[in-house]
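Student: Submitted below is the structure of interest, expressed as structure tokens.
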Amino acid sequence: MTKNTLKQRKHLLRSLHLFGLDHLDPVILASLVDESPMLLIGRHGTAKSELLNRIAAALKLKHRHYNASLIAFDDLLGFPVPNPERTALTYLRTEG
137 MTKNTLKQRK HLLRSLHLFG LDHLDPVILA SLVDESPMLL IGRHGTAKSE LLNRIAAALK
197 LKHRHYNASL IAFDDLLGFP VPNPERTALT YLRTEG
């Protein structure tokens, strides 16, 4: 493997033609490796959706993105239902 190839592998987002986001590479890689959810917060037009679209396409994954200003808590987690002892909650999934 050449030195140039190693350097290219260090820049995940650059390889997806997303520039100026190198500082996010470690966080995104950690989320992908750990299979943990990723929450992106930013102003309109900062390429949040495009970032996810390109990562999903590169890895042949399906993903969903939500506009948090248009959804309720229950839409994401489901409807909270207490157990009979009322000591814990389970969440019934909602359609969608």
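Plus 136 on top of the position in the sequence shown (first one is 1) and you've got this note's numbering.
Backbone N, C-alpha and C define an ideal beta-carbon position, used for all residues, glycine too.
#1: Since Pro-218 is in the beta strand (DSSP E), which residue starts that stretch and which ends it?
#2: Measuring alpha carbon to alpha carbon, tell me which residue in Ile-177, Ser-172, Pro-173, Leu-187 is nearest Ser-151.
#3: Which residues bound the alpha helix (DSSP H) around Leu-165?
#4: Could you tell me the distance, in whole angstroms, from the CA atom of Ile-164 to the CA atom of Pro-220?
#5: Could you tell me whether the Cβ atoms of Asp-161 and Leu-176 are closer together than 8 Å?
Tutor: Walking through what the data contain:
#1: Per DSSP, Pro-218 is one residue of the beta strand (DSSP E) stretching across 215–218.
#2: Closest by C-alpha distance to Ser-151, out of Ile-177, Ser-172, Pro-173, Leu-187, is Leu-187.
#3: For Leu-165, the enclosing alpha helix (DSSP H) stretches over residues 161–170.
#4: The straight-line gap separating the alpha-carbon atoms of Ile-164 and Pro-220 is approximately 40 Å.
#5: With respect to Leu-176, Asp-161 sits apart: the two C-beta atoms are not nearer than 8 Å.
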